[in-house]
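Colleague: I'd like to ask you about the structure that follows.
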Amino acid sequence: MEAKIVQDIDWNRVWEEQTLLWRDSAGKSCKEFWADEGAARVYSQKAGGSRSERVIKTVAGLGLTPATRVLDIGAGPGNLALPMAQTARSVTTVEPSPGMNQVMARKISDRKAGNIIQVEKTWEAVDPDNDLSAPYDLVLASMSLGMKDIRAAIEKMNRVCRGRVVVFWHAGIPGWEIMPRALWPKLFNMDYYGGPKSDVLFQVLYQMGIYPEIQVASNRFSEVFEDLEKAKDYYFRRFTCLKPEHGKALEEFLLGHCEQTEQGVTHDFVHESMRFEWQIKETDNDKH
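Everything in the sequence shown is counted per my numbering, starting at 1 for the first residue and increasing by one.
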């Protein structure tokens, strides 16, 4: 009986419901938050930039060649796109947030990366026939699965790919969820929902007949702010449900979880993630 119940679960629906709870808990979507260039810069620093050990290791594991055409979905400030472009034939980025695109455009200009093409849209809004030059040898989505209909998003990834799809997503509780999970019950008498994690993603893929190779990684991240007020401002903008009267509780939390370093107020944490990879079947390529 239990096996039948599990099989009958619509995991794409579970993903959608958890995504909506996530957005309600945060008060805004990822696109809306990262529209601010200042927030995008904090993210770029947190992720370590395009020269961090984590990024170098990630790009090295993608098997790029000078002939590889890459599609980078949810490219953010270009932390992966820039180093990928040093090896790949071309990198097309899909990123909806103005702030992220501004930071990335500045990096592209500074490094004269002429083989990066920016598409400022959500993945849901992308029209492959008009916005892209498919097919791509590698379709990548790194920590960028904020879509409600994840099945449709994956189907579109498969449709524009002739090689491999690689997706990175959260496993466990990310460090940036510790604050709202601790404060929301006290401030709002409600739990904070951080969105669907890799367990739900795997179930969606399995129901689609996709059986990916999976790797687990653990990385250290740092959010760095000039001072405590900048840190508070960052979180106030990230979570619009936070109001001025919540400032004291937020400050107490930050004082207990951040350190004063030479760089500024620093929040260090460990992030567990999963890497999903699958090969597009030759029969799927015929449609291209």
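Backbone N, C-alpha and C fix where the C-beta goes; we use that ideal spot for every residue, glycine too. Given the structure is predicted, the values throughout are model-derived calculations rather than measurements.
Would you give the residue range spanned by the alpha helix (DSSP H) that Arg151 belongs to?
Modeller: Here residue 151 refers to the residue found at position 151 of the sequence shown. Unbroken alpha helix (DSSP H) run through Arg151: 150-159.
Colleague: Would you tell me roughly how many angstroms separate the C-alpha atoms of Pro98 and Gly76, rounded to the nearest one?
Modeller: The residue you call residue 98 lines up with position 98 of the sequence shown. The residue you call residue 76 lines up with position 76 of the sequence shown. Roughly 10 Å separates the two Cα atoms.
Colleague: Can you tell me the Cα-Cα spacing of Phe236 and Gln118, whole angstroms?
Modeller: Walking along the sequence shown from the start, residue 236 turns up at place 236. Walking along the sequence shown from the start, residue 118 turns up at place 118. Straight-line Cα distance between these residues: approximately 29 Å.
Colleague: Considering only the beta carbon of each residue, do Asp137 and Gly163 sit closer than 8 Å?
Modeller: Looking up residue 137 in the sequence shown gives position 137. Looking up residue 163 in the sequence shown gives position 163. Gly163 is positioned such that its CB atom lies closer than 8 Å to that of Asp137.
Colleague: So, with DSSP's three-state summary, where would you put Ile56?
Modeller: Stepping through the sequence shown from its first residue, residue 56 is reached at position 56. Here Ile56 sits in helix by DSSP.
Colleague: Let me know the secondary structure DSSP gives Ser109 once reduced to three states.
Modeller: Numbered from its first residue, the sequence shown carries residue 109 at position 109. Here Ser109 sits in helix by DSSP.
Colleague: Closer than 8 Å by C-beta to Arg181: which residues in its own chain qualify, once you throw out the five before and the five after it? Chain order, please.
Modeller: By one-based count along the sequence shown, residue 181 stands at place 181. Within its own chain, the residues whose Cβ lies closer than 8 Å to the Cβ of Arg181, once the five positions on either side in sequence are excluded, are Ile173, Asp191, Tyr192, Gly194, listed in chain order.
Colleague: Which complete alpha helix (DSSP H) runs does the region 234-263 hold, if anything under 4 residues is left out?
Modeller: 247-257
Colleague: Measure how close the beta-carbons of Pro96 and Lys121 come, nearest whole angstrom, since I'm counting them as under 8 Å.
Modeller: Within the sequence shown, the letter at position 96 stands for residue 96. Within the sequence shown, the letter at position 121 stands for residue 121. Going by Cβ atoms, the distance from Pro96 to Lys121 rounds to 6 Å, so yes, they are a contact pair.
Colleague: Which residues share a DSSP beta bridge with Ala141?
Modeller: Your numbering for residue 141 matches position 141 in the sequence shown. Bridge partners of Ala141: Ile73, Val167.
Colleague: Helix, strand or coil for Ile214, going by three-state DSSP, please let me know.
Modeller: Sequence index remark: in the sequence shown, residue 214 carries index 214 (1-based). In the three-state reduction of the DSSP assignment, Ile214 falls in the strand class, which pools E and B.
Colleague: Cβ atoms of Ser218 and Glu177: under 8 Å apart, would you say?
Modeller: Residue numbering aside, residue 177 sits at position 177 when the sequence shown is read from its first letter. Residue numbering aside, residue 218 sits at position 218 when the sequence shown is read from its first letter. Result no, Cβ atoms of Glu177 and Ser218 do not sit closer than 8 Å.
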